[in-house]
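Residue numbers (the working numbering), protein chains in the order written: chain A, 1 to 217; chain B, 1 to 529. Quick reminder that beta carbons are idealized off the backbone N, C-alpha and C, glycines included. All figures in this text were calculated on a predicted structure; none of them were measured in a lab. Taking it in order: structure first as structure tokens, then the write-up.
Structure (structure tokens):
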């Protein structure tokens, strides 16, 4: 990713002061496509990044995904405790947590569907509606707003020809506003799937979108 | 004896067992600390913030429902800090509350109404529009009005902890949080969910069956016992206009605690049925003649003299007193068989969080009582059949409170004397020489014996129609005329007479039974004499 021509590719640790590659900081297992089995155990609990090519028809816990669920379960004392990462896995596979997904997670973890719905709806980072292949979350909180986040939002909406919260016709983009992404030092911050794009200006928006469309992420 | 802790609540010294909460300790001296989320039958999340009380030495108000007492603790439930706290919390509760008390079923028995009236602000200060949820059908008998909800989560905890079928949950968060099931799943298929309507402190969960049927303040509450099965759950019959409007559980920790099943809750409408028998009727030579009770009983006794051996059909729906009086009459007439029929279900329906409570397979309230007076069960699990020996009997046939619904018109055709005592006319009573109207259990006093041999009293909730009388009064008078002794003049008399004639009921008095019931074969007498 280090060849992306943006000021900050946005992975943890890159302050521009060191000549470290992302691989050296995060480990080789986490660069590029995450392996279907989830990769190294120490990274399995981190926030899941969404597959750029979502497979909404794929079975939730089957094959490699079943192995990953087993791996998640092995880290917790009870099945109930594994609910959040299990929902995260479901979202990673299908892009959003649908009622059917909640039901499948409930079955897998031996919980009631209603309980899973309660948890999934409590947390705002589980998408309860289908989203595009790239979920563009533009921070519009104080720092970013002062730096012109509203214009960035408008640029994304103009490029993707959608309304806030809607998915573009080609299914590639859903643009929403986000509250503070904790990157106030690099306004405007945009989180696309699980990756940060920092210091984004309206003029860069088409370039980012073209890149995402071409390379997936 | 548990270790006792002494503390002071509102200036009163009180000693309670170690581990008691402040809220329970206050209750023991008659002080109710306002609360929503706390319920004695479930865990306390301490989330309604209404039971915060001032504890001297504590840095901030303490939730009374989860704070356990300590020796020498000084608690103020009515201090300025406590009152100010409740006033503030109640104001928050009203921010989104629709104040639709005039059309709310809970009005009159609503904790929000009561607390705000007692301690809340006189006027609201909110200027913002209220959040609106509308209403949601939870399936079963439950309707949910989200705007009235105070998010105490009693219903969620009942379903997860007591019924142990986690159908309800809090959906969304913050201002948008609302109680819901899994989308369209609803509560169908659960058999205790009616209890969430009872424990809802406000009008958020209401019964569809009772919806807009009566106002709470118009209802008369009468302690009674559920007739749905042999468990004998303690209930209150809520009546208006001489009709049962609804059934609510009555707390009795020995039997059903605070809960009743949905079968029992909705199985009351037979008590409201019309077309009742209203006058004693004597039939002779094809003619029917309504007559006064005295005349009818004198004519009956004259005809019974030397009429032959007795075969009687009793009912497991009759009270102990009725069955005892029938037993005495049968004995006085020379003795004979008493049989009864009782319906059975295939499976019990247990309440998982309260293991001693279940909808039992025996669907009659007093089969134990019938067995104890010497009656034997006949017929199948639908309470039909089994009466062949009685049907063609040529002596005296007495039918008590069995509607003979499966019997044809030739039932009792050969009997020398056929007495039918029931609530409704029946084809099986076509050949009855005497048709005597009796009252239901809701229309008089009496007692049932449940499956653990606990005798429990019920009280009179409604007036009996016409000249209908309790069966123990009629049978007791007949037994006294035939076999000597005094006729019972009250249910207590009839129960005492039962104790004299059936040894299982000896040793306990009507007062021992009281409102909580008394176990047979327990030689403890709380009256001490």
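C-beta atoms of residue i and residue j nearer than 8 Å
i                      : j                      : result
residue 477 of chain B : residue 297 of chain B : yes
residue 5 of chain B   : residue 121 of chain A : no
residue 186 of chain A : residue 172 of chain A : no
residue 531 of chain B : residue 448 of chain B : No answer is possible for residue 531 of chain B: the residues shown for chain B start at 1 and end at 529.
residue 33 of chain B  : residue 46 of chain B  : no
residue 197 of chain B : residue 187 of chain B : no
residue 152 of chain A : residue 105 of chain A : no
residue 89 of chain A  : residue 72 of chain A  : yes
residue 398 of chain B : residue 310 of chain B : yes
residue 61 of chain A  : residue 100 of chain A : no
residue 403 of chain B : residue 424 of chain B : yes
residue 104 of chain B : residue 155 of chain B : no
residue 451 of chain B : residue 364 of chain B : no
residue 150 of chain B : residue 115 of chain B : no
residue 519 of chain B : residue 504 of chain B : no
residue 80 of chain B  : residue 121 of chain B : no
C-alpha gap between residue i and residue j, whole angstroms
i                      : j                      : result
residue 480 of chain B : residue 148 of chain B : 59 Å
residue 69 of chain B  : residue 371 of chain B : 49 Å
residue 75 of chain B  : residue 202 of chain B : 28 Å
residue 43 of chain A  : residue 133 of chain A : Because the pLDDT at residue 43 of chain A is just 45, under 50, the model does not fix this residue reliably, and the point stays unresolved.
residue 406 of chain B : residue 350 of chain B : 31 Å
residue 502 of chain B : residue 492 of chain B : 15 Å
residue 462 of chain B : residue 314 of chain B : 23 Å
residue 169 of chain B : residue 92 of chain A  : 25 Å
residue 513 of chain B : residue 455 of chain B : 7 Å
residue 52 of chain B  : residue 77 of chain B  : 8 Å
residue 152 of chain B : residue 140 of chain B : 21 Å
residue 60 of chain B  : residue 54 of chain B  : 7 Å
residue 149 of chain A : residue 136 of chain A : 13 Å
residue 360 of chain B : residue 163 of chain A : 59 Å
residue 130 of chain B : residue 139 of chain A : 29 Å
residue 115 of chain A : residue 180 of chain B : 10 Å
residue 471 of chain B : residue 355 of chain B : 35 Å
residue 288 of chain B : residue 374 of chain B : 34 Å
residue 475 of chain B : residue 322 of chain B : 7 Å
residue 23 of chain B  : residue 82 of chain B  : 13 Å
residue 112 of chain B : residue 48 of chain B  : 12 Å
residue 446 of chain B : residue 457 of chain B : 6 Å
residue 466 of chain B : residue 231 of chain B : 32 Å
residue 459 of chain B : residue 265 of chain B : 18 Å
residue 299 of chain B : residue 384 of chain B : 31 Å
residue 111 of chain A : residue 117 of chain A : 10 Å
residue 352 of chain B : residue 189 of chain B : 15 Å
residue 100 of chain B : residue 157 of chain B : 26 Å
residue 81 of chain A  : residue 141 of chain A : 32 Å
residue 127 of chain A : residue 98 of chain A  : 8 Å
residue 119 of chain B : residue 86 of chain B  : 7 Å
residue 212 of chain A : residue 176 of chain A : 17 Å
residue 469 of chain B : residue 486 of chain B : 18 Å
residue 144 of chain B : residue 39 of chain B  : 20 Å
CB contact check: residue i to chain C, cutoff 8 Å
i                      : result
residue 182 of chain B : Among the protein chains in the structure shown, which are A and B, there is no chain C.
Closer than 8 Å at the beta carbon, the chain A residues around residue i
i                      : result
residue 185 of chain B : 113, 114
Per-residue contacts from residue i into chain B (C-beta, under 8 Å)
i                      : result
residue 117 of chain A : 169, 171, 180, 182, 183
Within chain B, partners of residue i - CB distance below 9 Å
i                      : result
residue 228 of chain A : Nothing can be reported for residue 228 of chain A: it is not among the residues displayed for chain A, which extend from 1 to 217.
residue 130 of chain A : Here the premise fails: no neighbours, minimum Cβ distance about 16 Å.
residue 85 of chain A  : Ordered by position in chain B, no residue passes the 9 Å Cβ test against residue 85 of chain A, which lies about 20 Å from the chain.
Per-residue contacts from residue i into chain B (C-beta, under 7 Å)
i                     : result
residue 99 of chain A : 183
(request) Could you please tell me which residues of the region 157-177 of chain B, in chain order, have their CB closer than 7 Å to any CB of chain A? (result) 166, 167, 168, 169, 170, 171, 172, 173
(request) Answer yes if the region 249-260 of chain B comes into contact with the region 275-294 of chain B, meaning at least three C-beta pairs across the two stretches below 8 Å, and no otherwise. (result) no
(message) Tell me which residues of the region 234-257 of chain B have at least one Cβ-Cβ distance to chain A shorter than 9 Å, keeping chain order.
(response) Residues: none.
(message) Counting beta carbon pairs with one atom in the region 146-166 of chain B and one in the region 54-73 of chain B, are three or more of them shorter than 8 Å?
(response) Contact check between the region 54-73 of chain B and the region 146-166 of chain B: fewer than three CB pairs, one atom from each, fall below 8 Å, which does not count as touching.
(message) Under 8 Å: do the region 378-390 of chain B and the region 265-277 of chain B share three or more Cβ pairs, one atom per stretch?
(response) no
(message) Under 8 Å: do the region 157-169 of chain A and the region 205-216 of chain A share three or more Cβ pairs, one atom per stretch?
(response) yes
(message) Check whether the region 333-347 of chain B and the region 431-439 of chain B are in contact - that is, three or more C-beta pairs closer than 8 Å.
(response) Touching, no, given that fewer than three Cβ pairs across the two stretches are closer than 8 Å.
(message) For the pair the region 233-245 of chain B and the region 213-224 of chain B, tell me if three or more CB-CB distances fall below 8 Å.
(response) yes
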